[in-house]
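If you use my numbering, the sequence shown corresponds to residues 17 to 587, in order.
A virtual CB, placed ideally from N, CA and C, is assigned to each residue, including glycine.
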Amino acid sequence: MVNPNLTDYSKTYKAFDWEKESQYFNGPSAGLGLNIAHEAVDRHANGGLGDTTAIRFVRKDQKRENISYVKLQELTSRFANVLDRLGIAKGETVYSLLGRVPELYITALGSLKRLAVFCPLFSVFGPEPIFQRLSKGEASLLVTNKLFYEKKVEKLIDRLPHLRYIFLIDVEEDLSKKVLSFDRWMKKASSSFSIPFTSPEDPALLHFTSGTTGMPKGALHVHKAVYTHYLTGKLVLDFHKNDVFWCTADPGWVTGTSYGIISPLVNGVTSIVDEQEFDAMRWYQILEKEKVNIWYTAPTAIRRLMRTEMDPKKEFDLSKLRLVLSVGEPLHAAEVIWAQQAFGVPVLDNWWQTETGGIMIANYRSMEVAPGSMGKPLPGIEAAVAEIDGDGIELITDTEAQGHLVLKKGFPSMFRAYLHEQERYNKCFIGDWYITGDLARRDRKGYFWFVGRADDIIKTSGHMVGPFEVESSLMKHPSVAEAAVIGKPEASVGEMVKAFVVLKEGVKENSETKLDIIGFARKELGPAVAPKEIAFVQRLPKTRSGKILRRLLKARELGLPEGDLSTLEPS
Ligand code: ATP
Ligand code: MG
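Spelled out as structure tokens, the structure:
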């Protein structure tokens, strides 16, 4: 039995002081300032973890490749030297466009060592989304492979004046003065690199948001974000010495960088990286074979596992598993309950955003889980529910409250800019508070519950209806596999609640089923909140990270322009 790092939430929360956490980092005392890559790699390589596996890659063909902390130090130092040699200056942006292969991780950490800003791109993006992101971040250098280069990047080069170098990870010789061989330059470079002094406020990471509510924004983070990466690893993911951790997210989304790269390394554990996309059997096998202790995934994956009707606890040896965590979308109570039963361990939903750089609200191992709730604020984070009226903000102090979810400014991993969108950035803040754009409810016990995105909220007959509440209720109906709810303008009520429903296999799409679901929802939610209209669909439009694109359902329903679809999952 491993005791949780966080034993008493309330006590820790009350006594918390970010400055005390600084004791963990050894860069400052070594005169290096605070550099994410130093804390993630070099300190462990030079300390007692040199031979410990930092990252274990499971390649597409299931072959495993272990990279120890010492090896990772050597490889990332080589890459930092390559950047140096090419004259990439502090603050320039280095991008990757790769699947989950070692070169991506080397690029990320090597760039941080050289004080370049690292920006990962999701490898399935087509040329236009790639162009938009490279140009917005004024990319100086891109690391990719020959196939992506030829198919997606080559034709963009004339429109990218800042892009000086492109590395291909699978060619032996340079193709030109601009298009270079990653391996050749890595081999030539020295394997030792002294990280220059890094200010905690030096820019480190650029992440584009998921584009669920509109055009993706470029959120800029600084090296000090490592405080949150470290602390959440300790208190939420509950990392212990020798743990094996698997985060299934791709580094193209912030979860795959903050938790797929940085947090586990900073905490000195072993991280699993699977190159392949979701496959229920393969995933269960990895959990078993790699003896995963802590597993961080997303609601969309849990739902897909649920639908397979496999019984993981019976069919696989998951005796090493201690914790399952989920982020990205609301995890409905029924899903939490299924997963706790299926895995036999606590299943902890948590909430955060690209902008917050790390977990902000969470369920904890030592705290009673309220299924369907996002949990309570991380120690060091003040979260509140507020009413917002124009430029005015009023915190709702009642024990039970619902409104805009806001966070007190000033925590280390708060984004420092939306790239080239200063006005939009400014609009996110009122006084001391950051407006997250989400709505939440706080219950009597202090747990936060997701209500919906402020943009998705439905105003019907004087009621404010959160889509999550309606969707959760619809999903309790035995015929419903998935549901998404929008507000459809209707003169008499303002907006009418309309639901798009994916039925479970074998259920008939007919008016009887429709009436049955509407009747069920009316009983659960009352007639004012229950959907008045239901449309059956085969699948819901989602981002590639699994978030339902309600704005697209609405645009299609109303015949309006569909907006940015760069992150839409292909059908
Ligand atoms: P965009 O900002 O471009 O519209 P996005 O908000 O989906 O996209 P992300 O930063 O990836 O981009 O996602 C953060 C959002 O995801 C949160 O603001 C919230 O709406 C949702 N989210 C994340 N975790 C949870 C959770 N545990 N429960 C409910 N919603 C969540
Ligand atoms: Mg957002």
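Close beta carbons around residue i, own chain, < 7 Å, minus the five adjacent residues each side
i, result
"Y29", "P395"
"K329", "A358, F359, G360"
"F536", "H493"
"H54", "G43, L48, I211"
"F32", "P395, G396"
"I173", "L179"
"S208", "S93"
"L337", "L303, V308, N309, W311, F359, V361"
"F141", "S582"
Contacting residues, own chain, Cβ-Cβ under 8 Å from residue i (five flanking each side not counted)
i, result
"E291", "F73, V74, R75, K76, G115, R116, V117"
"H176", "It is worth fixing the name first, because residue 176 is Leu in this sequence and not His. Counting only Cβ-Cβ distances below 8 Å, and skipping sequence neighbours, we find F147, L150, S151, A155."
"V553", "F516, V517, V518"
"Y463", "A386, S389, M390, G391, K392"
"K520", "P494, S495, V496, A497"
"E540", "S489, K492, A546"
"K461", "A386"
Cβ-Cβ separation, residue j to residue i (assumed contact under 8 Å), whole Å
i, j, result
"P428", "Y243", "4 Å"
"V260", "I288", "6 Å"
"I533", "V496", "7 Å"
"L364", "V385", "7 Å"
"T109", "S382", "Incorrect: roughly 40 Å between the Cβ atoms, too far for contact."
"K548", "G503", "Between G503 and K548 the Cβ distance is about 11 Å, and since that is not below 8 Å, they are no contact."
"V282", "Y246", "5 Å"
"K233", "Y111", "At roughly 17 Å, the Cβ-Cβ gap does not stay under 8 Å, so K233 and Y111 are not in contact."
"K168", "P143", "5 Å"
"A562", "A399", "It should be noted that the sequence gives Gly, not Ala, for residue 562. So it is not a contact: roughly 24 Å between Cβ atoms."
"L50", "T214", "6 Å"
"S127", "F138", "No, S127 and F138 are not in contact; Cβ-Cβ is about 18 Å, not under 8 Å."
Residue i burial status per 10 Å Cβ neighbour count (16 or more: buried)
i, result
"D333", "exposed"
"Q438", "exposed"
"N366", "buried"
"G388", "buried"
"T372", "buried"
"Q369", "buried"
"G63", "exposed"
"T415", "exposed"
"R566", "buried"
"M231", "exposed"
"E170", "exposed"
"S335", "exposed"
"H237", "buried"
"K129", "buried"
"M17", "exposed"
"F41", "buried"
"G268", "buried"
"D254", "buried"
"R555", "exposed"
"S342", "buried"
"V413", "Note that residue 413 is Thr in the sequence shown, not Val. Looking at its Cβ environment, which holds fewer than 16 other Cβ atoms inside 10 Å, T413 is exposed."
"G426", "exposed"
"E119", "buried"
"K193", "exposed"
"P145", "buried"
"G103", "exposed"
Contact test: residue i Cβ vs the ligand COA heavy atom, cutoff 7 Å
i, result
"G453", "Ligands in the displayed structure: the ligand ATP and the ligand MG; the ligand COA is not one of them."
Beta-carbon contacts of residue i that lie in its chain and below 6 Å, excluding the five residues immediately before and after
i, result
"P280", "F261, S287"
"F183", "V159, L196, F198"
"F164", "L113"
"A89", "One point to set straight first is that residue 89 is Gln, not Ala, in the sequence displayed. Only V57, D58, A61 meet the Cβ criterion."
"S488", "H348"
"R200", "none"
"R560", "T583, E585"
- [ ] Could you tell me whether the stretch 119-126 touches the stretch 83-96, where touching means 3 or more Cβ pairs closer than 8 Å?
- [x] For the pair of segments examined, the stretch 119-126 was found to touch the stretch 83-96: the number of CB pairs separated by less than 8 Å reaches three.
TODO: Decide if the stretch 57-70 is in contact with the stretch 226-241; the criterion is three or more beta carbon pairs, one per stretch, under 8 Å apart.
DONE: Under the Cβ criterion (8 Å, minimum of three pairs), the stretch 57-70 does not count as touching the stretch 226-241.
- [ ] Check whether the stretch 508-515 touches the stretch 456-471, counting contact only when three or more Cβ pairs, one atom from each stretch, lie closer than 8 Å.
- [x] Output reads no: the stretch 456-471 does not touch the stretch 508-515.
- [ ] Report yes or no: do the stretch 452-465 and the stretch 416-425 share at least 3 C-beta pairs separated by less than 8 Å?
- [x] Yes, they touch.
- [ ] For the stretch 298-306 and the stretch 343-355, state whether three or more C-beta atom pairs, one from each stretch, are separated by less than 8 Å.
- [x] No, they do not touch.
Open item on the list: For the structure I just gave you, are there three or more beta carbon pairs, one from the stretch 565-579 and one from the stretch 310-323, closer than 8 Å?
Closed with: Taking 8 Å as the limit for Cβ pairs, the verdict is that the stretch 310-323 does not touch the stretch 565-579.
Open item on the list: I want to know whether the stretch 213-224 touches the stretch 236-256 - three or more CB-CB distances under 8 Å.
Closed with: Yes, the stretch 213-224 touches the stretch 236-256.
Open item on the list: Three Cβ pairs or more, each shorter than 8 Å: is that satisfied between the stretch 473-488 and the stretch 520-534?
Closed with: Taking 8 Å as the limit for Cβ pairs, the verdict is that the stretch 520-534 does not touch the stretch 473-488.
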